[in-house]
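Engineer: Shown below is the structure under consideration.
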Amino acid sequence: MTQDSSEKKTYTGGCHCRSNIYEFKCPPLDSAKAELHYCNCSYCKYDTGVSIAVPSSDFRFIKGSMENMTGYFFANKRIGQYFCKTCGVTILAHFDKMDEYIVGLRCVDDFELTDEIAKRAKLYDGKSVAIKT
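For the sequence shown, this note's numbering assigns the number -14 to the initial residue and increments by one for each residue that follows.
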């Protein structure tokens, strides 16, 4: 579903050491318009919590880049989790052939992921996506 740009808010986020800082636009994260997810793939079940998919056109690096991170790839190298080379914090995920970034909400600046907000997250069945060939 395409969101009207007037319905979007700009957020920043990044890793702990701030070597990688990004900016993205999406519906307000504390509103029902933000489609929040949690993933059950073999990686996310150990590492991440609630996330949001952000179209590439609404995401950009302010500092750092994909090259400034280390990628861990699985599911026949179709899924990549990217983390900072310096502090090791997982910053985002990217699925091959998808024009979006999966941003973990714990890395978003000036945003508190409350239990109330987290309860709105819907399951993204990454386990099934990862096993497809």
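Ideal Cβ placement from N, Cα and C applies to all residues, glycine included.
Taking 8 Å as the cut-off, does the segment 95 to 110 touch the segment 51 to 69 (at least 3 CB pairs, one atom from each stretch)?
Structural biologist: Cβ pair count under 8 Å is below three, so no.
Engineer: Give the DSSP bridge partners of R45, in chain order.
Structural biologist: E8
Engineer: Skipping 5 residues on each side, what residues in its chain have a beta carbon closer than 6 Å to that of T71?
Structural biologist: Excluding sequence neighbours, T71 sits near C2 and S4.
Engineer: Is it true that the CB of G(-2) sits closer than 8 Å to the CB of V88?
Structural biologist: yes
Engineer: Assess, as a yes-or-no matter, whether the segment 9 to 24 is touched by the segment 47 to 63 under the definition of 3 or more beta carbon pairs within less than 8 Å.
Structural biologist: Too few Cβ pairs lie closer than 8 Å, so no.
Engineer: Per DSSP, F68 forms a beta bridge with which residues?
Structural biologist: T55 and T75
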